[in-house]
Amino acid sequence: MPPPDGSGAERPVPFRGGGFAPHARPLLGAATLVVLVALWQAGAMAGLIPRLFLPAPAAVAAALYNLALSGQLWLQMSASLARLAGGWSLGTLAGLLVGLAAGLFTLARSPSLSVVAALFPIPKIALVPLFIIWFGIGEGSKIATIALGVFFPTVIATVGAVDGVPRNLIRMGQSFGLSRAAIVAKIVLPGALPGILTGFRVTAAIAIILLVAAEMIGAERGIGAFVLAAGNLYDTPALLAGIVVLSVLGLLVSWLIGRLERWLLAWR
Amino acid sequence: MPRGLRLEARGIRHAYRDLTVLDGIDLAAEPGQVLVLIGPSGCGKSTLLSILGGMLRPSAGVVLQSGEVAAGCLNPLTYVFQDFALLPWRTVAGNVALALEGAGLPRAARASRVQEMLALTGLSAFAGAWPRQLSGGMRQRVGIARALAVRPACLLMDEPLSALDAQTRDVLADEFAALIARAGTTTVYVTHNLREAVRLGHRIAVLSRRPGRVREIVAIDRPLSGRNMADPDLLRIEAALWALMRDDAAAAAREVSDASA
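Chains as they are written, first to last, in the numbering used here: chain E, 1 to 268; chain X, 1 to 261.
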């Protein structure tokens with residue numbers, strides 16, 4: 001294309017290859033959160049935000065401090081963590097076993113996938129009353145709710161991960177005379193691991209949602225029960241303190257899975 | 001009698017549903033020799049190699065093996081793959097060790113065998129590297145080390161150099177020739193590269209366009225080690241092979257472009 005002045009003079013080639021490569025800027029992310037909290041605090045102090053509806057961050061921090069000091073925080077947290085660990089582990093273990101079976105064996109594939117397709121869309125929260133009837137108001141119903149909510153996505157993630165293991169690697173294992181068990185242990189499982197760990201991220205978030213829901217329906221202790229009780233008393237600083245704890249719990253779980261990925265998937 | 005395995009295909013026919021890709025294949029890989037399979041795209045070379053190694057059941061015909069399998073051979077029919085097929089979560093040494101695990105070798109013997117194979121293929125300094133850290137040529141060296149580690153009676157090599165650049169291909173072809181000549185392993189080598197075929201083959205089977213049939217077998221009576229690719233006799237053979245294949249290759253190329261149009 002000739003230059004606008006039509007002279008044909010020597011000119012630099014314009015650079016057109018930039019952009020479309022966003023970078024992570026962790027400090028910018030942290031600064032955004034700090035600015036938002038500061039604006040929230042300033043708004044509350046200026047009287048622009050009604051304290052009953054949304055207490056100031058300082059009030060939430062004070063409520064959190066008091067909770068920690070009184071031992072309430074650990075009391076509620078320990079109950080929730082035990083349910084979360086029990087429900088998630090149970091659902092994950094069962095989901096991995098069924099997912100692996102469906103990914104490896106023709107006989108297991110269609111039956112298990114049809115059951116998953118039929119039951120996965122049911123909102124698990126709707127099943128809590130049924131689980132209370134089945135397992136009682138105690139820990140059983142809460143753990144069952146979390147486990148069921150974790151089970152289906154784990155099956156789906158595991159089947160997808162096993163299906164995604166490159167076929168040529170399995171053929172390579174067969175060509176070297178590896179036994180079926182060795183192929184599963186040395187090729188299929190490590191190959192499926194990235195997909196399975198991605199599934200863990202999803203199921204951890206689902207487990208926290210279901211934990212709170214189950215605790216709100218029938219529990220004396222636990223973060224969900226605490227948030228509900230605080231709401232009933234219009235104690236919004238304590239309510240938000242409970243929500244902050246849940247947010248931190250989510251971040252912590254995500255960080256742990258990230259560490260697990262870095263450890264197990266160092267080869268990537 | 002030369003050491004090694006003899007592998008013979010008798011009356012092989014293979015079809016994918018209605019599409020016959022191989023028909024009436026009678027062919028033998030003689031002990032200690034390299035049989036090269038060449039032919040135009042889609043003639044069924046790789047399919048035939050899969051059948052020869054028992055990785056694919058033919059629609060008709062049989063593959064027979066006979067002859068001596070040396071003591072210590074852990075996997076008589078061993079493949080080297082075009083795409084290397086390395087496990088990305090294992091180091092170079094871990095990939096070479098894969099087929100030795102569970103073979104009843106003591107740990108020290110296994111480690112020593114891995115070291116020996118890495119030294120043989122020039123990979124000793126990369127034992128702890130991940131496959132993603134290696135060039136294509138280095139990855140294929142790992143594939144070769146892994147294959148040789150099981151002391152195979154027959155190597156089945158499926159276009160092992162086709163994913164590499166021309167210079168690496170030439171270097172590795174020379175290395176393959178030296179390794180195969182030294183081990184005296186029966187080898188079936190699939191390629192579409194005539195230079196490679198002439199460099200490495202004792203006998204070159206030219207397959208016709210689909211359905212693949214053996215059109216001609218060309219023997220090269222020169223030892224693998226020391227073959228000079230500027231040798232007029234070898235150049236003449238290369239030209240003769242191309243003359244045999246040219247029309248089929250052009251027709252196959254037209255077929256491919258028609259299919260993609």
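Ideal Cβ placement from N, Cα and C applies to all residues, glycine included.
Here the structure is a predicted model, which means the values were calculated and not measured.
Listed along chain E, the residues sitting closer than 7 angstroms to P88 of chain X by beta-carbon distance are W267. The alpha-carbon of V190 of chain X is positioned some 36 angstroms away from that of L100 of chain E.
The C-beta of F176 of chain E comes closer than 8 angstroms to at least one C-beta of chain X. The beta carbon of L98 of chain X sits closer than 8 angstroms to some beta carbon of chain E.
Close to R171 of chain E, with beta-carbon spacing below 7 angstroms, are these residues of chain X in chain order: M55. If you ignore the 5 residues before and after A178 of chain X, its C-beta comes within less than 7 angstroms of the C-beta of S225, all in its own chain and listed in chain order.
Chain-order list of chain X residues neighbouring A117 of chain E: empty, with the shortest C-beta distance near 29 angstroms, by a criterion of under 7 angstroms. In this structure, L155 of chain X lies away from Q65 of chain X, with their beta-carbon atoms at least 8 angstroms apart. For the options X:D26, X:A219, X:R141, X:A127, the alpha carbon positioned closest to that of Q82 of chain X is the one of X:R141.
For D174 of chain X, the enclosing alpha helix (DSSP H) stretches over residues 166-183. Beta-carbon to beta-carbon, V202 of chain E and V165 of chain E are separated by about 20 angstroms, too far to satisfy the 8 angstroms threshold. Of all residues in the stretch 91-121 of chain X, those with a C-beta nearer than 9 angstroms to a C-beta of chain E are T91, L98, A99, E101, G102, A103, reading in chain order. At least one CB atom of chain E sits nearer than 8 angstroms to the CB of F81 of chain X.
Using a Cβ-Cβ cut-off of 8 angstroms, W242 of chain X is close to nothing in chain E; its nearest Cβ partner there is about 30 angstroms away. Residue contact with chain X for I187 of chain E: present (Cβ-Cβ distance below 8 angstroms to some residue of chain X). Looking at the DSSP output, H14 of chain X sits in a beta bridge with X:L22.
Membership of I183 of chain E in the alpha helix (DSSP H) is indicated by the continuous run 180-183. Using a CB distance cut-off of 8 angstroms, N168 of chain E counts as an interface residue toward chain X. Spatial neighbours of F84 of chain X in its own chain (CB-CB distance under 6 angstroms, excluding positions within 5 residues in sequence) are listed in chain order as R139, Q140, G143.
For E10 of chain E, the number of other beta carbons within 10 angstroms of its own is below 16, and it is reported as exposed.
Contacts with chain X at 8 angstroms (Cβ-Cβ) include P190 of chain E. With a cutoff of 8 angstroms on beta-carbon distance, V184 of chain E and L104 of chain E are scored as near each other.
Residue pairing by DSSP places Y189 of chain X opposite X:V36, X:M157 in a beta bridge.
Within the stretch 153-167 of chain E, contact with chain X at the beta-carbon level (separation under 9 angstroms) is assigned to P166.
About 6 angstroms separates the CB atoms of L113 of chain E and A102 of chain E; that is less than 8 angstroms, so the two are in contact. A distance below 6 angstroms between beta-carbons, with the five flanking residues on each side excluded, links L90 of chain E to the following residues of its chain, in chain order: A147.
Annotated three-state conformation of Y65 of chain E is helix, per DSSP. Under the Cβ criterion of 8 angstroms, N75 of chain X is counted among the residues facing chain E.
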